[in-house]
Each structure stands twice: as structure tokens, then as C-alpha cells.
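Input: a single structure, listed below in C-alpha cells.
2 protein chains.
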Amino acid sequence: MGKYAIAIHGGAGTISKSSLTPEKEKAFKDALEQAIMAGHGVLQQGGSALDAAEMAVMQLENSPLFNAGKGSVFTNDGKHEMDAAIMCGKTLEAGAVAGVRHIKNPIKLARKVKEESEYVLLAGQGAVEFALSQHIELASAEYFFDDYRYQQLLDARESGEVSLDHSEKKKQKFGTVGAVALDVNGNVAAATSTGGMTNKKYSRVGDTPLIGAGTYANNKTCAVSCTGHGEFFIRAVAAYDVSCLMEYKGYTLQQACDEVVLTKLQDIGGDGGLIAVNTDGEVVLSFNSDGMYRASKVNDEETFTAIYKEH
Amino acid sequence: MGKYAIAIHGGAGTISKSSLTPEKEKAFKDALEQAIMAGHGVLQQGGSALDAAEMAVMQLENSPLFNAGKGSVFTNDGKHEMDAAIMCGKTLEAGAVAGVRHIKNPIKLARKVKEESEYVLLAGQGAVEFALSQHIELASAEYFFDDYRYQQLLDARESGEVSLDHSEKKKQKFGTVGAVALDVNGNVAAATSTGGMTNKKYSRVGDTPLIGAGTYANNKTCAVSCTGHGEFFIRAVAAYDVSCLMEYKGYTLQQACDEVVLTKLQDIGGDGGLIAVNTDGEVVLSFNSDGMYRASKVNDEETFTAIYKEH
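Sequences listed follow chains A and P, in order. In terms of the working numbering, the first sequence opens at residue 1 and continues consecutively. In terms of the working numbering, the second sequence opens at residue 312 and continues consecutively.
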């Protein structure tokens, strides 16, 4: 039986030790542990990387702690618009949705787009119509309502700021969840999901649902899921860039991730990070911000879980 | 004064000599000529590649012959949903819109997103709200109405097919317009605009507005605008792939375009083509379909205009 591995992230940003109480830190680590074990369980039973990545992201979407699914932040008009994407490294097939409302698990909808439509990316109300045709579970505004997120909106509205999740200091919030996996058959897959930016206007779409920007998978190289200030990741075509540096320039996974996150994105002010796995089961968790909620597990080795930068 | 160059496309597909009357062929060539001269005029006067590419695409959007702007095809519910993107090779700044209605020139809106917002991609009604805040010209459904396009919708509805523009035989219609330019200051830019697929459902978004997929520009390498079956161009991250093959593998512009269009896209069934220009003023017009509406002009040399494959 081949090697298998999974890595997840729950967003990156200015996460300092002082900003999290021990209780909150434990809650985050428990949620990460739960999600990685769910994905790992799929792989351990010989399931596909695609199923494992979807399963892990679904768990993170169901947690109120992360900016995706249930924990999604509020848009300027007090609603939730979510994005998600999934890609298979074996077939290069992909599915994605942008700006969807009332979808309990956007990652499941992205998977349906990949498998049950002739399209890759569906947006807005059209994507919701597709969801209805596929009997995807909907959820009311109440399901997504959260006092803390609502307070974030009121604060952001007051300051006139548009913010991502998880950056307490500058009120910049980088929130995305994602998973990358390698299964026993040597296939990799990537999945990413987000609730976008607090107080965002104009149906802004970030990097998450864009294949090559926030999400990419290719058995020739690796699977990548990004999190951070999406506009910079779009302009850098960040996820595909990692793959190209490996395929065309012979970089290792670590070199490619470092080049994109620590040099290219850093140089243009693109705060954030990414997780990646290659077909050898190597895992890289790279970020240029103060922290990134992250976890990984290779075969049955010990689970790695971390939040802050480690020196 | 440096070299300058511009190239445009008006879509690719199964365009055979027998499918076009001499009158129709002349109309297409005249429209291409008009668009390239408009862009060329900007460059000749020392204007930016960005302005030239936007100008040329605007001309193509204003023609009823191409599937963009005025000539946009009908969606399944009898409306027009347009996508557009523009990118500057000097700053790597980009702007894009997806699924917008009632916008006379989507490429102008994409430019405004690049310059007047903190975002890269806006979608649907949100993008239209942004347009209103920027005093972008709107147009009524009547402006976009065209008997020929409407008949295409009725035909497609009858056959249950979703189709792109310009492929008469299989009723597959590959319609997009685009421009790439190099200005006297050595900067490149790319712009692409489309009316999408006839009879499309669920607010499908193609490659056109996705940076790296249908549109990309980088002074280090080249500017690229794609046209074809968008889902394949998204999965191939086609436009950025051309750039990566040049930057990381040392390919010439011609080699990189051929590798992406004639090998990679061809292998996965991705019909279509692309136009590209590098900072040396080299122009490549590459496609794997029977034809591509295209034109190019380098400095004050003779304008090249063509529709079918040349042997």
C-alpha cells in the first residue's frame, strides 16, 4: 500500500499568542484535529484524495471558528457569500462556486459542479439553482448567524474597512479553510472554501474558487490550497505557480512553496500562506504572516497541529 | 522610440470557407481592421499598452459580429451575461468582471475594477452596482438584441445544447474577443471580453475573466488573451502557462504558445486558441481549431488579417 498524507489550514493572519486565550487556542486545535482525523480516516480506508480533502474541508465548514460555511463572515449588506473549489490531480478536473448564499457546505457544491455539470465555475444565484437541481443541503440565514461575526461587521462598517478574517491587530481578517491530500493510489487533490471578507461589497470574488490562484492539483507535481489576501494570490496565480516551479524549474516542493510565499507574494504585499502535498507524501505548510491555523498527518505518524510561527 | 505591436482575436472555432459568404467574410475582416487600427493609433501616439488593448477590445465589443458586448449571445433564460478582464504587465495589476448584465462595454468596467477598487474580480449584480458608482455606461436589453443570436438560442434550446460561438458545424460556438499590446515604453497588456455560451445555465463563468486562465500579462514574459472552450483553458491555467514556460523553461514565445495550444490543450480536447505578444514585439497567433478571427500589426508594418487556417 502506498504512502498517504493530508494537510489542512484554517486561515492565516496576524495571530499572536496574546490574542488567543488558552481556551480559544484549545478550541481551534481541537477543531483542526477533528478535521484532519476525518480526512485521514478516509485515506486510511483506501479512499480517494478527493474524498479526503472534501471531508476535511466539510468539517472545517461545519465549525463556527473558521471563516467558511457556518462560520462565514458578513458581507456589507449583512449576508453571507461563500466561495469554494476542488480539483483532482489525476484528471485535472475541477469544480468551483463563487458568491453562493444559503449553501450549508459550499465544498460539496463545488464537487457536484465538477462531477455533475459540464462547467468548472458557477456563480451567485445560478450556482444556487444548480444546487437545488442536485439536492444540495441549504441552510437558513440563522444557521450562519454568529454574534462575533456580526460584531466584526459592525466594527468594519464603522471603520469603513473591508477585512479578511483572523488578523486582530489591523482588523484584517484572513479566513479560508483548505485541505490537500495524497491517497494510497498516488493521486493528489486540493479543496478550499471561504466566507470571504467582512464588509465586502460588489460581490467581490477572491482567489479561493479560481483554479490556479487559490486551489490547484496535478499528479505531476502537487496539490495546493491557499489562504490570505486573495487579490495578491490571483495576480500571482499562486497555486499554479508552485506547480510550475516544480514542473518547469525542477524545484522541490519546499523550494517552490517558499519561492511563492516568502519571496513572490511577500514582495507584492500578499499576506497569507498555503499548504501543499506532493505524490511522495511530502507536506509543506508555508506562510508569511504571523500565524496560520494548520495541521498535517502522514500515514499513521503523529498529527502535527500549530497556530503561531515556530522559530 | 521603442517597438510597438498589437494583436487581436474575435474568437476561434470551426470556421470553414464554405460557412462564410464573401460579404460576411469581408464584414469580419473590416471589423478586425477597424479594431486593430484603433488600438494601433493609441500606440503610435505613444499611448500605453493598457489603453491600446482596452480600445481594441471596445471596438470589437461594439460590433454585432463578435460574441462580446453588443454581439453577446443569449443565456438559457434569454438574457446576456458578459465577462471581461484586463491586466497590466508592468504592475501585474488586474481587473475583471463576471456575469454582468446591461454593461455596454464590460472591458471598461474591468479597467475600472483594476483602477478604482481594491478588488480584482467582481461578479453579477455586485459588479453592476460598482458600475453605477463609477458612472459606467449601461445599455438596455434592446441594444444587445440580435435576430441571429436569438435564433442561435432557439436552436440550442431545441437541441438541448450549450454552445460557444463560431462553430457552425457542431453548433459549438467559441466566441470571445481579445487584444494584446506592447507599447513604446516596453510594457505589455492583455484584455479579453466575452458574451459567454449560447443557452448557458447556472451563471457559468468561463476562462475570460480569470487571471491566468484566459487573460495574463507580465513584462518579464508576455501578454496573452485566449479564446475557446473555457473549461479546458481554466483547468490548464492556459495564459499563465505560456508565461511560465517562457520564464522557467526558457521557451521562446512561439514555443510556449505552441506547447500550450497545440499539445497541452489539444491533448485534453480544449478547442480554441490564443494571441500573445512579448516585449520584443514578437506576435504569435496560435489555434488548434479550424479558424480564428485574428489580426496583428507591428510598428507601421502592414496589417495582417486572417480567419481560416493557413497552410
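We put the beta carbon where it would ideally sit given N, CA and C, even for glycine.
Beta-carbon of residue i versus every beta-carbon of chain A: anything under 8 Å?
i	result
A409(P)	yes
I641(P)	Residue 641(P) is absent from the structure shown; chain P starts at 312 and stops at 622.
S514(P)	yes
T616(P)	no
E440(P)	yes
K481(P)	The pLDDT assigned to K481(P) is 45, lower than 50, so where the model puts this residue is not dependable; a value taken from the coordinates is nonetheless given after this. For K481(P), the answer is no, since every Cβ of chain A falls outside 8 Å of its Cβ.
C537(P)	no
I414(P)	no
G523(P)	yes
E542(P)	yes
L556(P)	yes
L432(P)	yes
I326(P)	no
K560(P)	yes
Q577(P)	no
Nearest to residue i by CA position, among the options, is which residue?
i	options	result
K401(P)	V595(P), A363(P), G497(P) and R468(P)	G497(P)
G523(P)	V424(P), A318(P), A396(P) and G584(P)	A396(P)
I15(A)	Y150(A), T192(A), Y293(A) and N299(A)	Y293(A)
N76(A)	L50(A), E302(A), L154(A) and A53(A)	L154(A)
A56(A)	D290(A), E231(A) and Q34(A)	Q34(A)
A500(P)	D569(P), A349(P) and D362(P)	D362(P)
L443(P)	P417(P), E621(P), L573(P) and K340(P)	P417(P)
H102(A)	F232(A), G39(A), D271(A) and G69(A)	G69(A)
G78(A)	E282(A), K201(A) and E231(A)	K201(A)
L403(P)	G269(A), E118(A), S296(A) and D290(A)	G269(A)
E62(A)	T176(A), T221(A) and E301(A)	Per the sequence shown, residue 62(A) should be read as Asn rather than Glu. It is T176(A) whose Cα lies nearest to the Cα of N62(A).
A490(P)	A405(P), A534(P) and Q462(P)	A534(P)
A617(P)	K340(P), P333(P), E334(P) and K335(P)	K340(P)
G350(P)	Q370(P), K335(P) and P333(P)	Q370(P)
K425(P)	M37(A), E231(A), I8(A) and E116(A)	E231(A)
Y119(A)	V595(P), L576(P) and M508(P)	M508(P)
T532(P)	Y619(P), C568(P) and S504(P)	C568(P)
L576(P)	G352(P), E593(P) and S597(P)	S597(P)
N218(A)	N199(A), D280(A) and E259(A)	D280(A)
With a threshold of 6 Å on Cβ separation, who are the neighbours of residue i within its own chain once the five nearest residues in sequence on each side are excluded?
i	result
S630(P)	Only positions 312 to 622 of chain P appear in this structure, which leaves residue 630(P) out of reach.
D183(A)	Y4, L43, S48 and A49
E469(P)	none
A191(A)	A53, E54, V57, I86, I107 and A179
F130(A)	L122
V609(P)	A316 and G592
E25(A)	none
Under 8 Å by Cβ, that's how I've got residue i and residue j pegged, so tell me the actual separation to the nearest angstrom.
i	j	result
L420(P)	A434(P)	That belief does not hold up - the Cβ atoms of L420(P) and A434(P) are roughly 12 Å apart, past 8 Å.
A96(A)	A181(A)	With 8 Å as the limit, A96(A) and A181(A) do not qualify as a contact, their Cβ atoms being about 18 Å apart.
T215(A)	S225(A)	6 Å
L432(P)	A409(P)	7 Å
H540(P)	D578(P)	Wrong, their Cβ atoms sit about 13 Å apart, outside the cutoff.
Y461(P)	F385(P)	6 Å
T227(A)	G46(A)	Their Cβ separation, rounded to whole angstroms, is 29 Å, which puts T227(A) and G46(A) out of contact at 8 Å.
Y551(P)	V237(A)	4 Å
E142(A)	K104(A)	Actually they are not in contact, since the Cβ atoms of E142(A) and K104(A) sit about 12 Å apart, beyond 8 Å.
S504(P)	A318(P)	About 15 Å; that fails the 8 Å criterion.
Looking at chain P, is there any beta carbon in it that lies within less than 8 Å of the beta carbon of residue i?
i	result
I86(A)	no
G124(A)	yes
L92(A)	yes
V237(A)	yes
I234(A)	yes
K297(A)	no
K220(A)	no
Y240(A)	yes
Skipping 5 residues on each side, what residues in its chain have a beta carbon closer than 8 Å to that of residue i?
i	result
A338(P)	L376
K480(P)	Because the pLDDT at K480(P) is just 40, under 50, the model does not fix this residue reliably, and the value given afterwards should be weighed accordingly. Answer for K480(P): T325, S327 and S330, listed in chain order.
D290(A)	G13, T14, I15, S16, Y308 and K309
Just to confirm my understanding: we take residue i, look at its own chain, exclude 5 residues before and 5 after, and list those with CB closer than 7 Å. What are they?
i	result
I545(P)	D518, L521 and A524
V516(P)	D394, A409 and G410
Q445(P)	K423 and E427
Can you find at least 3 beta carbon pairs, one from the stretch 237-245 of chain A and one from the stretch 550-560 of chain P, that sit closer than 8 Å? yes
Evaluate contact between the stretch 246-261 of chain A and the stretch 269-278 of chain A, counting only Cβ atoms and requiring at least three cross-stretch pairs below 8 Å. yes
Just by C-beta distance, which residues in the stretch 445-462 of chain P are closer than 8 Å to chain B? Considering every chain present, this structure includes no chain B. Its protein chains are A and P.
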